[in-house]
Amino acid sequence: MVMFNVTRKETAPIDGQKPGTSGLRKKVKVFTQPNYLHNFVQSTFNALSAEKVRGATLVVSGDGRYYSKDAIQIITKMAAANGVRRVWIGQNGLLSTPAVSAVIRERVGSDGSKATGAFILTASHNPGGPNEDFGIKYNMDNGGPAPEGITDKIYENTKTIKEYSIAEDLPDVDISAVGVTSFGGPEGQFDVEVFDSASDYVKLMKSIFDFELIRKLLSSPKFTFCYDALHGVAGAYAKRIFVEELGAQESSLLNCTPKEDFGGGHPDPNLTYAKELVARMGLGKSNTQDEPPEFGAAADGDADRNMILGKRFFVTPSDSVAIIAANAVESIPYFSAGLKGVARSMPTSAALDVVAKNLNLKFFE
1 MVMFNVTRKE TAPIDGQKPG TSGLRKKVKV FTQPNYLHNF VQSTFNALSA
51 EKVRGATLVV SGDGRYYSKD AIQIITKMAA ANGVRRVWIG QNGLLSTPAV
101 SAVIRERVGS DGSKATGAFI LTASHNPGGP NEDFGIKYNM DNGGPAPEGI
151 TDKIYENTKT IKEYSIAEDL PDVDISAVGV TSFGGPEGQF DVEVFDSASD
201 YVKLMKSIFD FELIRKLLSS PKFTFCYDAL HGVAGAYAKR IFVEELGAQE
251 SSLLNCTPKE DFGGGHPDPN LTYAKELVAR MGLGKSNTQD EPPEFGAAAD
301 GDADRNMILG KRFFVTPSDS VAIIAANAVE SIPYFSAGLK GVARSMPTSA
351 ALDVVAKNLN LKFFE
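FYI, the UniProt record's numbering numbers position 3 of the sequence shown as 3, with every residue one higher than the one before it.
Structural data, given as structure tokens:
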């Protein structure tokens, strides 16, 4: 077993490290400044209670954007130095934001361990690349984002930090290979587990949706669809779910190879940036071209927002959530016992309000 030592490195506060509800987002050139990432990570560890760090299990993954692989290695070495017992990493460092939440809540290690939190490396729908954006946020043991009380502590810590702990001699872990690598440190064994994130995600999706019913729909000659991952993390799941599990044609998938720069595009699923999908769905197409699919969808970089399209028409997100809510109990097994409530953000349409009133559901804006 490879042994490692803990080093405490002197540092000084760096301005502007105040995280919002979506974490800390800056240009890659900012994050790669000396100690920038280190300060934020150590400030986060210091903001958490001891049981959430020492002897704990931590998830570290993200949308695969540029600098993620380096950041994963840095955070892993800092986790080891701060007394974390094990780190879970999605294969190739890829986990969508919803998948991270699910891993925290649902995944159980071979030794019975459960994650107490996660560092998610994403800047959502912002572009990626050496001259573009990077981001980091912390999710709690309930799978949700750190509340304001924690983010305020993190920010206060960034303004007073004097040192950070890191296991500099801990070897880099091969995040492309599934398996467990064990190391020995001052506080005992430290494990890094790289797991097949798609398998965990498929299992979760099968517990929510009726895969057999969807498989029958996709096998119908009357139904065609197209899915665009915009070279984001959703591509890590698309082939496994749509092609291998549901029997769709691989030609139904667009841009489903995750790339550090999202293929040079902007991973924001809207009519402006999802141009290839928009064209295939017949929005603005002439009658001389191929018949568009019946259904189309796209996801953003970390796969926590989407766009829905029909043949030659666009469904606004506020309408799509209303449609889902109206049909959830009958169509989605996970909601068969009923919805507890529905919510929308303030500037969106009132379609969901109407559904909530009609179905007598609790409604939140």
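All C-beta atoms, glycine included, are put in the ideal place defined by N, C-alpha and C. Just so we're clear, the structure is a prediction, and the values are computed from it rather than from any experiment.
Does the beta-carbon distance from residue i to residue j come in below 9 Å?
i: I120; j: T151; result: no
i: L94; j: A79; result: no
i: H231; j: D261; result: yes
i: D133; j: K275; result: no
i: E51; j: T116; result: yes
i: N157; j: T21; result: no
i: R240; j: A198; result: yes
i: K206; j: N46; result: no
i: N139; j: I104; result: yes
So the candidates are the options; which of them puts its Cα closest to the Cα of residue i?
i: R85; options: Q91, F190 and T181; result: F190
i: E245; options: D261, N255, A123 and L218; result: L218
i: N131; options: S182, T32, F45 and V233; result: T32
i: C226; options: D169, I175, E106 and R280; result: R280
i: F242; options: G265, P267, P221 and V202; result: V202
i: F40; options: A71, G112, G341 and R54; result: A71
i: V278; options: G263, P258, G301 and L254; result: L254
i: V53; options: E187, P13 and S320; result: E187
Determine the extent of the beta strand (DSSP E) in which residue i is found, giving its start and end residues.
i: S182; result: G179 to G185
i: M281; result: M281 -> no beta strand (DSSP E), and no H or E assigned at all.
i: M307; result: N306 to G310
i: N139; result: D133 to N139
i: Y227; result: F225 to D228
i: K26; result: L24 to K27
i: I89; result: R86 to G90
i: E193; result: G188 to F195
Go through its chain and collect everything with a Cβ distance to residue i's Cβ below 8 Å, but skip five positions before and after it.
i: I208; result: I332, P333 and Y334
i: F223; result: L217, E294 and F295
i: M346; result: E365
i: S336; result: V329
Along the alpha helix (DSSP H) that carries residue i, what are the first and last residues, could you check?
i: D290; result: Counting along the chain, D290 falls outside any alpha helix (DSSP H), and DSSP gives it neither H nor E.
i: G235; result: G235 to A238
Only counting the same chain, and skipping five residues up and downstream in sequence, which positions put a Cβ closer than 6 Å to that of residue i?
i: Y164; result: K9, T11, H38 and Q42
i: S349; result: S318
i: T288; result: Note that T288 scores 45 on pLDDT, short of 50, meaning its location in the model is unreliable; the coordinates nonetheless yield the value given after this. Answer for T288: no residue qualifies.
i: K77; result: I166, A167 and L170
i: V30; result: none
Can you list, in chain order, the residues of its chain whose CB lies under 7 Å from that of residue i, leaving out five sequence neighbours each side?
i: Y155; result: Q17, K18 and P19
i: F314; result: L271 and L283
i: G265; result: L230, H231 and Y273
i: I74; result: L37 and H38
Does residue i get closer than 9 Å to chain B when you measure Cβ to Cβ?
i: Y155; result: Although the question refers to chain B, the structure presented lacks it and comprises just one protein chain.
Contact the region 56-73 vs the region 142-158: 3+ CB pairs below 8 Å: Three or more Cβ pairs closer than 8 Å define a contact, and the region 56-73 falls short of that threshold against the region 142-158.
Stretch pair the region 351-364 + the region 317-333: three plus CB contacts closer than 8 Å: yes
Sufficient close CB pairs (3 or more, under 8 Å) joining the region 160-177 to the region 301-309: Taking a cut-off of 8 Å for Cβ pairs, the region 160-177 and the region 301-309 do not touch, as fewer than three such pairs fall below it.
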